[in-house]
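Visitor:
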Amino acid sequence: MSFLQTSFFAFLMKKSYQSLEDNPTYNMKQVIYCSLTSKIFSLCLVLLLSFSTSLIAQEGDPVNGKSLFNSNCAACHKLDKPMTGPALRNVEARLADEQGLDRAWISAWIRNSSSLIKSGDAYAVKIYNEYNQTAMTAFPQLSDQDISDMLAYTAAPVPEPVVAPVPVGGAVQEGGVSNDLILGALALLFALLAIALVLVNRTLNRFAEAKDIKVVAEQEKRTPLWKAFAQNQFLVLVTAIVFLLASGYFVYGYFMQVGVDQGYEPVQPIHYSHRIHAGDNGIDCKYCHSSARVSKTSGIPSLNVCMNCHKSISEVAPETLAEGMDEYSVDYNGEIQKLYDAVGWDGTGYTGESKPVKWIRIHNLPDFAYFNHSQHVEVGGIECQTCHGPVEEMEIMYQHAPLTMGWCINCHRETNVKVKDNDYYTKIHEELSKKYGVDQLTVAQMGGLECGKCHY
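Residue numbering for the sequence shown follows this note's numbering, starting at 160 and increasing by one per position.
1. Skipping 5 residues on each side, what residues in its chain have a beta carbon closer than 7 Å to that of Y312?
2. Can you give me the C-alpha to C-alpha distance between K586 and F530, rounded to a whole angstrom?
3. Which two residues bound the contiguous alpha helix (DSSP H) that contains A389?
4. To which residues of the same chain is L163 closer than 7 Å at the C-beta, ignoring the five residues directly before and after it?
5. So A437 and V550 are in contact, right, with Cβ under 8 Å, and what is the actual spacing, rounded?
6. Helix, strand or coil for N271 per DSSP?
7. Going residue by residue through the stretch 403–466, where are the continuous alpha helix (DSSP H) segments of at least 4 residues, counting only ones entirely within it?
8. Spatial neighbours of M187 within its chain, please: CB distance less than 8 Å, with the 5 preceding and 5 following residues excluded, ordered by chain position.
9. Cutting at 8 Å between CB atoms, please list the residues of its own chain near A233, excluding the five before and the five after it.
10. So who's on the other strand from W504, going by DSSP bridges?
11. Mapping the DSSP letters down to three states, classify S488 as helix, strand or coil.
12. Considering only their Cβ atoms, is the gap separating Q558 from D420 smaller than 8 Å?
13. Sorted by chain position, which residues of the same chain lie with C-beta nearer than 7 Å to I519's C-beta, five sequence neighbours on each side aside?
14. Could you check whether L480 and Y487 sit closer than 8 Å to each other, using their CB atoms as the reference points?
15. Going by DSSP, which residues form a beta bridge with T601?
16. Please say whether Y423 and I521 have beta carbons closer to each other than 8 Å?
17. With 16 other CB atoms within 10 Å as the buried threshold, where does K237 fall?
18. Tell me the DSSP secondary structure of V516 in three-state form.
19. Tell me the rounded alpha-carbon separation between V325 and G279.
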């Protein structure tokens, strides 16, 4: 477009605008339009500020932030509940709105909170006093990007809870057909079959009457079966012998099971899943049952051992919670709360109001039988699963082995003693290997079948 055309176009626009200004109707519309425009502009500004506030911490990587949060912050903080420290969900936006604090303040607090407190910062002192003057660990090694990532993780929305699908109308098989539907169909089939048999019986009776056929009501009299059996002395003698032998067998089996609690699976006051702790999380058995290394008994772990982890873990993952409700009808979060009630933990500290937990003993040997855990676990190197079964797969703990005298003796006869790099057995192994002429020695060959070893 040339300069002349541009000038002419500007002249026409100016004239048009002036003619509109001389119109009073236009002036009124202009005022209304300007007022409406200003309101829309103000609303857009407010929305923009709100949106920008929610995006303050979004430039970071929430995935890396979660990893950093779990390794550095999760011991004292949760996202949605206060713990040793405050809840951190949307912490940057909340501090900006409520306290007027920016990311520079948050970075200074994370890297050295003590310095901020000593400087007299009002909010730093308030938080310090509010949480029992517990000093926060300094993290000077975290970069600006690390802090941005963690803040992005804390600004992420709360995930939707995972709800396990509940079948309607009873349990559903893999094919998708309800068990109630199958049972109903079978019941209807049997009902129709019974009706058909009644109708057939009536039809046959009517047919017999029409043909003048007499239906014999009683069969020809004959000797009853029981009377014929009683008259045969040989059958009576054989039956009596079989009955006595079978009775002796069952009576012997019954008395041999007295005191044998294999399969015993009591319901404990607090549900504890060995499958999750020893299986999924790979916690060593001797971390909780530490006395098994040095004592006769493995001991019942104190609740303080549980709280070493559960000070920080008050909830399980949504997938684990759904699995527990669906497959085992157990609310894992509710069981953790039972632990907190027992030790008197309110989420931030101990209240001093504790309650004893009445655990139910599962494995219980007679008083006259001596068994030493440390001898087997520490000296013998026997795995816990040898006696207690696949504990890492048990949702509810039960007695796996019969723990009878015969079971223990068979183990002593079949198990070779681990003598390699074991100074405990060096001398006795040299003497017994010469005596028996073998390199490997079983527990029985080392005196494991002597009565005094287990009964004293």
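Built from N, CA and C at the ideal position, the CB exists for glycine as well.
Guide: So, from the data block:
1. P221, G224, K225, F228
2. 24 Å
3. 384–390
4. Below a pLDDT of 50, predicted positions are generally treated as unreliable, and L163, at 42, falls in that range; no measurement from the model is reported.
5. 6 Å
6. coil
7. 444–447
8. Any reading at M187 must be qualified, since the residue scores a pLDDT of 46, below 50, and its modelled position is unreliable; the value itself is stated next. If we look at M187 and ignore the five residues flanking it on each side, it has no Cβ neighbours.
9. S471
10. Y509
11. coil
12. yes
13. P425, Q427
14. no
15. N575
16. yes
17. buried
18. coil
19. Confidence at V325 is low in this model, with a pLDDT of 49, below 50, so the placement of that residue should be treated as unreliable; the coordinate-derived value is given next. Approximately 56 Å, taken between the alpha carbons.
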